[in-house]
Amino acid sequence: MDVWFDSGSTHQGVLVERGMKYPADLYLEGSDQYRGWFNSSLITSVAINGHAPYKGLLSHGFVLDGDGRKMSKSLGNVILPQKVMDQYGADILRLWVASVDYTSDVRISLDMLKQISEVYRKIRNTLRFLHGNLQDYNNDTDRVAYEDLREMDQYMYMRLQDVLKQVRTAYDQYEFANVYHVINNFVAVELSAFYLDIAKDVVYIEGADNKARRAMQTVMYDTLLTLLKVLTPI
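Sequential numbering from 0 applies to the sequence shown in numbering that gives the first Met the number 0.
Structural data, given as structure tokens:
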């Protein structure tokens, strides 16, 4: 009997027995499981029910050190997730996971984590800026209609919708690295270096109910909500 028979029949012992969705939407495992769990699950499910136990498969590579070597205690190159979280925080580790192409083996090093922490800091500071400049904004009473926005504000709205569309597509296709790169580019280049740099002169100087100020706050409000939503899975 194949050693994978037990795990290969979990679709019956877990999904069917517990009244869970069957076939499952997704089976997730390492790239070494095509001849292991994926295959044994397929064979047993087809034999019993005549169809696969899953609608889709997602496999990932393995984590190597910064030089592309397999981690081992003898080499002293093991990077423990708990130590990463203790030093950098869980958010940095999650962001790193989202940033790499998991479909092949990936490398990790302290230098890479430092680079990711800089990206995290930029995103976090941008969110703080957006939130901090909305303290006197009420979306129910202060919102400016799209047609009344200035061209620059309308442009940012269009870019925000483009980003949202790209991110949704990437999430649907499990392309998390694309999610990371789209968000990072939008935050660093179009928001921080362009739009919010201009917005400072408006939201800091103009009167509270100045139309240009309220227009920018409207864009900032929707941008903040959108970023929070697309970042939530990470």
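Each residue gets a CB set at the ideal place from its N, CA and C atoms; glycine is no exception.
Please read these numbers as outputs of a predicted model, since none were measured by experiment.
On the CB-based measure, 16 or more other CB atoms within 10 Å of its CB, does residue i come out buried or exposed?
i           : result
residue 33  : exposed
residue 222 : buried
residue 132 : buried
residue 4   : exposed
residue 204 : exposed
Between the C-alpha atoms of residue i and residue j, what's the straight-line distance to the nearest angstrom?
i           : j           : result
residue 126 : residue 47  : 52 angstroms
residue 79  : residue 109 : 11 angstroms
residue 8   : residue 44  : 7 angstroms
residue 198 : residue 74  : 51 angstroms
residue 175 : residue 186 : 17 angstroms
residue 98  : residue 84  : 17 angstroms
residue 215 : residue 152 : 7 angstroms
residue 82  : residue 64  : 15 angstroms
residue 121 : residue 13  : 43 angstroms
residue 190 : residue 118 : 14 angstroms
residue 93  : residue 55  : 23 angstroms
residue 61  : residue 95  : 14 angstroms
residue 136 : residue 147 : 17 angstroms
residue 162 : residue 211 : 24 angstroms
residue 155 : residue 115 : 26 angstroms
residue 182 : residue 228 : 12 angstroms
residue 107 : residue 180 : 18 angstroms
residue 77  : residue 28  : 21 angstroms
Find the nearest neighbour of residue i within the set the options, judged by alpha-carbon distance.
i           : options               : result
residue 202 : 232, 57, 129 and 176  : 129
residue 23  : 31, 11, 29 and 30     : 11
residue 139 : 17, 227, 21 and 217   : 217
residue 100 : 206, 142 and 178      : 178
residue 30  : 207, 158, 112 and 103 : 103
residue 143 : 15, 182, 61 and 220   : 220
residue 158 : 25, 193 and 124       : 193
residue 226 : 196, 213 and 165      : 165
What residues are listed by DSSP as bridge partners for residue i?
i          : result
residue 29 : 59
Worksheet item: Would you say the segment 51 to 62 touches the segment 34 to 41, given that touching needs at least three Cβ pairs under 8 angstroms?
Response: yes
Worksheet entry | At least 3 beta-carbon pairs within less than 8 angstroms: the segment 155 to 170 vs the segment 223 to 233 | yes
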